[in-house]
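Read the structure below first, then the notes.
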């Protein structure tokens, strides 16, 4: 009898002890939990509760009778979008803008962070850093206005300079072929300084003794970057790479819409602008929700696939 009672009593005491320890840790960290509470409320209210509305993608939503009473239509709106006459062009434009910006911007941000990190003049480093990440805070509307001031066909500063040196003006904003280049490179200019901050933070955590030993051994800066810095920041690089892949279908709507005109619409019409025009301006709520869900599912599949490949090949992943 005693042999069965003692272990049970001991297990009960251990469980009670764990509860007391957990309660004590909670009380000690109560201030942190209170600090976290506003963010938690924001996530629940604005990210989780709205998920209920996703079901209108499968219904013929009528705001007068509500979501529940609206007629169920299944995958009708997904089929309508995929079979639309311009689906291929919309998907191509969206992927082109996103992949182009990602392939160019991602390595350039890392290179910029490394160049900034190795800048010997610290005051100059601070000035360059402030100047490059300041454009990040410019609103999209103002940024497109700046592009118009600089790149307008007849009165833009760039075209005025081209005329001064005897060259013909270029219609940067009215050319379907140039739209992607203007969009991507202006985006890189605006955000490269801000995006480099996380890499600069990772570089500051590299052990200085490794660099001192490498310098003594005669290593050049390029060798130190290759064998010390890049391996040290690789987990950060992989994490941001995977997150970037998971957002391939999420191209900034505002900038593309504001830069769009009748001359460049062949390249500037992306899924987000199409949904805005047809789904929201045309009050086709179910259709716009279906397309948004389509985008989210594609991003989710890409993120999961990239994470699995990364863990199998490089040994690193988001989870």
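In the working numbering, the protein residues as written are -18 to 300.
Where a beta carbon is used, it is the ideal one built from N, C-alpha and C, also for glycine.
message = I'd like the ranges of any alpha helix (DSSP H) spanning at least 4 consecutive residues and lying wholly in the segment 0 to 67.
response = 11 to 24, 47 to 50, 57 to 63
query = Any chance the segment 116 to 123 sits against the segment 172 to 181, with 3 or more Cβ pairs inside 8 Å?
reply = yes
Local Cβ density within 10 Å of residue 6, reported as buried at 16 or more and exposed below that = For the purposes of this step, residue 6 is identified with residue 25 of the chain shown, where counting begins at 1. Burial call: exposed.
query = Thinking C-beta only, is residue 225 closer than 8 Å to residue 87?
reply = One-based indexing of the chain shown puts residue 87 at position 106. One-based indexing of the chain shown puts residue 225 at position 244. In contact: residue 87 and residue 225 (Cβ atoms closer than 8 Å).
message = Are there any heavy atoms of the ligand MN lying less than 7 Å away from the beta-carbon of residue 178, as far as the coordinates show?
response = Looking at this structure, you won't find the ligand MN or any other ligand, since it has none at all.
request  = Step through the CB atoms of chain C and report whether any lies within less than 8 Å of the CB of residue 56.
outcome  = Annotation note: the requested chain C is absent from the structure, which comprises a single protein chain.
ask   = Count the other CB atoms within 10 Å of the CB of residue 26; is the residue buried (16 or more) or exposed (fewer)?
value = Counted from its first residue, the chain shown places residue 26 at position 45. By the 10 Å Cβ count, residue 26 comes out exposed.
key: Nonlocal neighbours in the same chain, by C-beta distance under 8 Å from residue 240, ignoring five residues either side   = The sequence position of residue 240 within the chain shown is 259, counting from 1. Cβ within range, chain order: 125, 128, 154, 160, 163, 164, 249.
request  = Let me know if residue 285 comes out buried or exposed under the rule of 16 or more other beta-carbons within 10 Å of its beta-carbon.
outcome  = Within the chain shown, residue 285 is the residue found at index 304, counting from 1. Burial call: exposed.
inquiry  = Can you give me the C-alpha to C-alpha distance between residue 12 and residue 18, rounded to a whole angstrom?
reply    = Against the chain shown, residue 12 aligns to sequence position 31. Against the chain shown, residue 18 aligns to sequence position 37. In a straight line, the C-alpha of residue 12 is about 10 Å away from that of residue 18.
inquiry  = In whole angstroms, give me the CA-to-CA distance for residue 220 and residue 295.
reply    = Within the chain shown, numbered from 1, the residue matching residue 220 stands at position 239. Within the chain shown, numbered from 1, the residue matching residue 295 stands at position 314. Distance between the alpha carbons of residue 220 and residue 295: 12 Å.
query = Taking all protein chains shown into account, do 16 or more other C-beta atoms lie within 10 angstroms of the C-beta of residue 91, making it buried, or fewer, making it exposed?
reply = Taking the first residue of the chain shown as position 1, residue 91 is located at position 110. Under this definition residue 91 is a buried residue.
request  = Determine the burial state of residue 37: buried for a count of at least 16 other Cβ atoms within 10 Å of its Cβ, exposed for fewer.
outcome  = Stepping through the chain shown from its first residue, residue 37 is reached at position 56. Burial call: buried.
key: Closest residue to residue 89 among 166, 268, 193 (Cα-Cα distance)   = Taking the first residue of the chain shown as position 1, residue 89 is located at position 108. That would be 166, whose Cα lies nearest to the Cα of residue 89.
request  = Could you give the DSSP three-state label for residue 123: helix, strand or coil?
outcome  = Within the chain shown, the letter at position 142 stands for residue 123. The answer is helix: DSSP assigns residue 123 an H, G or I state.
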